[in-house]
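According to the numbering used here, the sequence shown is numbered sequentially starting from 8.
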Amino acid sequence: MVPYSHAKHSRFNGRPFMVGSLARVMINGHKLTGKAREAMEMFGLDKPCENILMNNLAQGVELVQSIERSLEIVDRFLKDGIRDEEPVPVEPKSGKGTAAGEAPRGTLYHSYEFDENGRAVSADIITPTAQNYANMEKDVRASLERIKGESDEEIKFKINMVIRAYDPCISCSVHLVRI
Numbered sequence: 008m009v010p011y012s013h014a015k016h017s018r019f020n021g022r023p024f025m026v027g028s029l030a031r032v033m034i035n036g037h038k039l040t041g042k043a044r045e046a047m048e049m050f051g052l053d054k055p056c057e058n059i060l061m062n063n064l065a066q067g068v069e070l071v072q073s074i075e076r077s078l079e080i081v082d083r084f085l086k087d088g089i090r091d092e093e094p095v096p097v098e099p100k101s102g103k104g105t106a107a108g109e110a111p112r113g114t115l116y117h118s119y120e121f122d123e124n125g126r127a128v129s130a131d132i133i134t135p136t137a138q139n140y141a142n143m144e145k146d147v148r149a150s151l152e153r154i155k156g157e158s159d160e161e162i163k164f165k166i167n168m169v170i171r172a173y174d175p176c177i178s179c180s181v182h183l184v185r186i
């Protein structure tokens, strides 16, 4: 948390960071195949890039990879079939659990505590948007320095471009901009 906002702000080793498509393509782009690799190279994302405005192109690259991978999975199911599986029985009990998973907007962390009846008594969720807030602010401030002589309308347009490039979820984005 920061004093001027009630939204979570994340830092790693005291520095802002970014999660999401651009970060994933920068780290794992060498693993892309087929049309996704071609798209990555066509957009210049096969070279180091920290320009948040390229995030939407990285999302497109990931979409191509997802489509190609989905077709492979469907083909495998058509060839091998789908086997029936019985649900695993679960007995409610108390406990705590923490997990991380990759979502389209970035890594999602969540932690829960359950009572003896298996009911959730506490939860903490750190969304990709919350992890991106600090970096988003850094990029907005840097952009403002570059465009400070432009009209208010042009400044608003360009700053909103930066924010939208992070693809904040709608429930998170209401915390972002006060104009």
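Idealized CB from N, CA, C, for every residue including glycine.
Just mark residue i as buried or exposed, buried being the case when its beta carbon has 16 or more other beta carbons within 10 Å.
{"i": "D87", "result": "exposed"}
{"i": "R112", "result": "buried"}
{"i": "V68", "result": "buried"}
{"i": "Y11", "result": "exposed"}
{"i": "L115", "result": "buried"}
{"i": "I59", "result": "buried"}
{"i": "M49", "result": "exposed"}
{"i": "V147", "result": "buried"}
{"i": "I89", "result": "exposed"}
{"i": "I170", "result": "buried"}
{"i": "L85", "result": "exposed"}
{"i": "A106", "result": "exposed"}
{"i": "H37", "result": "exposed"}
{"i": "A110", "result": "exposed"}
Please report the Cβ distance between residue i and residue j, rounded to the nearest whole angstrom; I am assuming they are in contact, meaning their Cβ atoms lie under 8 Å.
{"i": "N62", "j": "A172", "result": "5 Å"}
{"i": "E27", "j": "D174", "result": "Glu is not the amino acid found at residue 27; the sequence shown has Gly there. That belief holds up - the Cβ atoms of G27 and D174 are roughly 7 Å apart, short of 8 Å."}
{"i": "N167", "j": "M25", "result": "With 8 Å as the limit, N167 and M25 do not qualify as a contact, their Cβ atoms being about 18 Å apart."}
{"i": "G104", "j": "Y119", "result": "5 Å"}
{"i": "A1", "j": "Y140", "result": "This structure gives no information on residue 1, because the portion of the chain shown stretches from 8 to 186."}
{"i": "L39", "j": "M33", "result": "Not quite, the Cβ-Cβ distance comes to about 12 Å (not below 8 Å), so this is no contact."}
{"i": "P55", "j": "K145", "result": "P55 to K145, Cβ: 18 Å. No contact."}
Would you list the one or two residues that DSSP bridges to residue i?
{"i": "D131", "result": "S118"}
{"i": "S150", "result": "S150 pairs with nothing; no bridge assigned."}
{"i": "E109", "result": "T114"}
{"i": "F19", "result": "R22"}
{"i": "V9", "result": "S12"}
Problem - Stretch pair the segment 89–106 + the segment 64–74: three plus CB contacts closer than 8 Å - result: Taking one beta carbon from each stretch, the segment 89–106 and the segment 64–74 have fewer than 3 pairs nearer than 8 Å; the two do not touch.
Practice task
Say whether the segment 153–168 touches the segment 118–138, bearing in mind that this needs 3 or more beta-carbon pairs closer than 8 Å, one atom from each stretch.
Solution key: Contact annotation: the segment 153–168 does not touch the segment 118–138, with fewer than three C-beta pairs closer than 8 Å.
Practice task
Pick out the complete beta strand (DSSP E) segments inside the segment 54–114, 3 residues or longer, and give them in chain order.
Solution key: Every unbroken stretch of the beta strand (DSSP E) spanning 3 or more residues and falling wholly within the segment 54–114 is given here in chain order: 102–110.
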